Amino acid sequence: MSDRIARTLALSLLLVALPAFAQQTLRIAAAADLQPLLPPLLAQFEHETGIHADASYQSSATLATQIIDGAPFDLFLAADLSFPQRVIDAGRAEEAKPMPYARGTLVLWTRNDSGITSLSLDALRTDAIKTIAIANPEHAPYGRAAQAALQHLDLLNTVHAKLVIAENIAQTAQYADSGNAQVGFISLTSALTPRLKGDGHFVRVPADAYPPILQGAIVIRSSAGAAAAHRFLEFLQRPETQQTLAAEGLEPVH
Amino acid sequence: MDLQALWLTLRLAATTTLLLLALGIPLAYWLASTQARWRPLIEALTTLPILLPPTVLGFYLLVLLGPHTGFGRFATRLFGHPLAFSFSGLVVGSVIYSLPFAAQPLAAGFRAVDAALIEQARLLGASRWRTLRSVLLPLSMHSVVAAAALCFTHTVGEFGVVLMIGGDIPGATRTLSIAIYDQVQDFSYAAANRTALLLVSISAIALVLLYSRRSREGSARG
Chain S
-2 MSDRIARTLA
8 LSLLLVALPA
18 FAQQTLRIAA
28 AADLQPLLPP
38 LLAQFEHETG
48 IHADASYQSS
58 ATLATQIIDG
68 APFDLFLAAD
78 LSFPQRVIDA
88 GRAEEAKPMP
98 YARGTLVLWT
108 RNDSGITSLS
118 LDALRTDAIK
128 TIAIANPEHA
138 PYGRAAQAAL
148 QHLDLLNTVH
158 AKLVIAENIA
168 QTAQYADSGN
178 AQVGFISLTS
188 ALTPRLKGDG
198 HFVRVPADAY
208 PPILQGAIVI
218 RSSAGAAAAH
228 RFLEFLQRPE
238 TQQTLAAEGL
248 EPVH
Chain C
49 MDLQALWLTL
59 RLAATTTLLL
69 LALGIPLAYW
79 LASTQARWRP
89 LIEALTTLPI
99 LLPPTVLGFY
109 LLVLLGPHTG
119 FGRFATRLFG
129 HPLAFSFSGL
139 VVGSVIYSLP
149 FAAQPLAAGF
159 RAVDAALIEQ
169 ARLLGASRWR
179 TLRSVLLPLS
189 MHSVVAAAAL
199 CFTHTVGEFG
209 VVLMIGGDIP
219 GATRTLSIAI
229 YDQVQDFSYA
239 AANRTALLLV
249 SISAIALVLL
259 YSRRSREGSA
269 RG
């Protein structure tokens, strides 16, 4: 009797699990700044092509490490060009050069109730601002841009003691949105999400204060979904998609 | 070698262990001796931090310690600065995170003490405090040592909570585990290996001391 139950259970488990293997999926390693805007694009892509895509969001450095160590991704959408280059150097990419697909924008963000009346980069010098969140400059492209901007504006030494370092750009937004850090250098993609738009406001960091955040993509060598990855890259470069990206904080490259 | 991170980690682990013993001994004594109907609820709550993923626990702590909760504002006034991104904040996080590692072995140790001994002590007029100090603690010293070692090593190896509420500030919140993570992220594998070796050595030494003590006790008894 219990034998029959066990057999029925095993069979039903198999029936539930099998479709997952049958369906074609595209596995994307995506930089954390894409988290707010990628899901609707993936849904649209699936609607058009029938290819289901799943994305994992981490800092570009984490993802590069995982891919080099053999993580089963088909496509890497990084937040800069240096991390995809590392994957290329490790022999794990199809391309010889990362393909830039968008340009990121760095903003300074604060909550509306933070008590900071006129938000500006100069305000960082004042005693009113005691904590500034940035992403880790060692391994998050937006953090690197924030550090470059602070250096360019000759602020780095003044504000050094006020900096709190988040693991990636999404966590930087979390530090600022939870009110634990008074201001944060975050991505425009985060600042334009409904939640952060409702909670606070931002100023753009002058574009000449930091090297452009060119975001690069690569297809992972001999991955099962390589063909699907190429189709997604074509989809990403279409003018309509680029327009959607621009509306949500990622400018076209050209 | 990141000596600053090493020193910070040792300070954090020592502070957390001392606080957890101070909190855990009375709590475990209560858990082991009470007949209260809600004892299972309290015991479940003290065990819950094992269940919650550390990053989730860390996220809730970040919200709790922030300026948008009454507790966060109270703590900010009490300490004179917001708790997130500070050493005190890490201590609060670590105490919650490692609480089960103090409460569980201590309660188990207290429960193992012969109930008749406790009853006799109480009949002879000893207060609850005196009973704890003169009967329970001496008879369950191995549990106290085990709890201390577990709290210490668990805090040394803590990562998720620190990542969420720390803010990676050298000398204040960059512990050894965060330093290793940064080094790995930065592709500095050799440096990460050295730091990891240090982390493992500390924990190994603590555990060897613990277990050698246990075997001495065992042979002394036998």
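First to last, the protein sequences are chains S and C.
First residue of the first sequence: -2, per our numbering; consecutive thereafter.
First residue of the second sequence: 49, per our numbering; consecutive thereafter.
All C-beta atoms in this analysis are idealised placements derived from N, C-alpha and C, irrespective of residue type, glycine included.
Fair warning: this is a prediction, and the values are worked out from it, not measured in the lab.
Run through the DSSP bridge pairs and tell me what residue i is partnered with.
i: S/Pro97; result: S/Gly213
i: S/Tyr54; result: S/Ala27
i: S/His49; result: S/Thr22
i: S/Glu248; result: S/Arg100
i: S/Ala90; result: S/Ile217
Just to confirm, are residue i and residue j a CB contact at a threshold of 8 Å?
i: S/Ala178; j: S/Val161; result: yes
i: C/Leu79; j: C/Ala164; result: no
i: S/Arg100; j: S/Leu247; result: yes
i: S/Leu78; j: S/Val202; result: no
i: C/Ala151; j: C/Leu69; result: no
i: S/Ser117; j: S/Val200; result: yes
i: S/Ala223; j: S/Asp71; result: yes
i: C/Leu105; j: C/Tyr145; result: yes
i: C/Ala240; j: C/Val232; result: yes
i: S/Ile64; j: S/Phe73; result: yes
i: C/Leu224; j: C/Ala53; result: yes
i: C/Ala194; j: C/Leu100; result: no
i: S/Glu91; j: S/Val180; result: no
i: C/Gly148; j: C/Thr94; result: One detail in the question is off: residue 148 of chain C reads as Pro in this sequence, not Gly. Yes, Cβ-Cβ distance for C/Pro148 and C/Thr94 is below 8 Å.
Count the other C-beta atoms from every protein chain shown that fall within 10 angstroms of the C-beta of residue i, then say buried if there are 16 or more, exposed otherwise.
i: C/Met189; result: exposed
i: S/Gly88; result: exposed
i: C/Gly173; result: exposed
i: S/Ala19; result: Low local confidence applies: a pLDDT of 49 at S/Ala19 is under 50, so the model's placement there is unreliable, with the coordinate-based value given in what follows. Flag for S/Ala19 reads exposed.
i: S/Ala125; result: exposed
i: C/Arg269; result: Confidence in C/Arg269 is poor, its pLDDT being 47 and thus under 50, which makes the residue's placement unreliable; the coordinate value appears in the next sentence. Classification for C/Arg269: exposed.
i: C/Val209; result: buried
i: S/Glu164; result: buried
i: S/His251; result: exposed
i: C/Phe122; result: exposed
i: C/Asp337; result: Residue 337 of chain C lies beyond the stretch modelled for chain C, which goes from 49 to 270, so this question has no answer here.
i: C/Phe127; result: exposed
i: S/Tyr172; result: buried
i: S/Ile183; result: buried
i: S/Pro138; result: buried
i: S/Asn109; result: exposed
i: C/Glu91; result: buried
i: S/His44; result: exposed
i: C/Pro218; result: exposed
i: C/Ala252; result: exposed
Determine the extent of the beta strand (DSSP E) in which residue i is found, giving its start and end residues.
i: S/Leu105; result: Leu103 to Arg108
i: S/Thr22; result: Thr22 to Ala28
i: C/Ala282; result: This structure cannot settle anything about residue 282 of chain C, because the visible part of chain C is limited to 49 through 270.
i: S/Leu160; result: Leu160 to Ala163
i: C/Gly137; result: Premise fails: C/Gly137 lies in the alpha helix (DSSP H), Phe135 to Ala160, not in any beta strand (DSSP E).
i: S/Val180; result: Val180 to Ser184
i: S/Ile129; result: Ile129 to Ala132
Starting from residue i, follow the alpha helix (DSSP H) in both directions and report where the run begins and ends.
i: S/His198; result: It is not in any alpha helix (DSSP H) - S/His198 instead sits in the beta strand (DSSP E) that spans Gly197 to Arg201.
i: S/Phe73; result: Not the alpha helix (DSSP H): S/Phe73 falls in the beta strand (DSSP E), residues Leu72 to Leu74.
i: C/Ile213; result: Gly208 to Ile213
i: C/Val193; result: Met189 to Val204
i: S/Leu147; result: Pro138 to His149
i: C/Pro97; result: Arg87 to Leu99
Looking at chain D, is there any beta carbon in it that lies within less than 8 Å of the beta carbon of residue i?
i: C/Gln233; result: Given the protein chain composition of this structure (S and C), no chain D is represented.
- Residues within the stretch 107 to 123 of chain C neighbouring chain S, beta-carbon criterion of under 9 Å: Phe107, Leu110, Val111, Leu113, Gly114, Pro115, His116 and Gly120
Near-chain S residues of the stretch 122 to 149 of chain C (beta-carbon distance less than 8 Å), N- to C-terminal order
Pro130, Ala132 and Phe133
(request) For the stretch 162 to 189 of chain S, enumerate the residues whose C-beta is nearer than 9 Å to any C-beta of chain C, in chain order. (result) Ile162, Ala163, Glu164, Gln168, Gln171, Tyr172, Ser175, Gly176, Asn177 and Ala178
(message) Counting only Cβ-Cβ distances shorter than 8 Å, please list the residues of the stretch 56 to 70 of chain S near chain C, keeping chain order.
(response) Ser56, Ala58, Thr59 and Thr62
Check your understanding: Mind listing which residues of the stretch 201 to 226 of chain C have their C-beta closer than 7 Å to chain S's C-betas, in chain order?
Key -> Leu211, Gly215, Asp216 and Ile217
Q.
Please list, in chain order, the residues of the stretch 129 to 162 of chain S that have any C-beta partner in chain C closer than 7 Å.
A. Asn133, Glu135, His136, Val161 and Ile162
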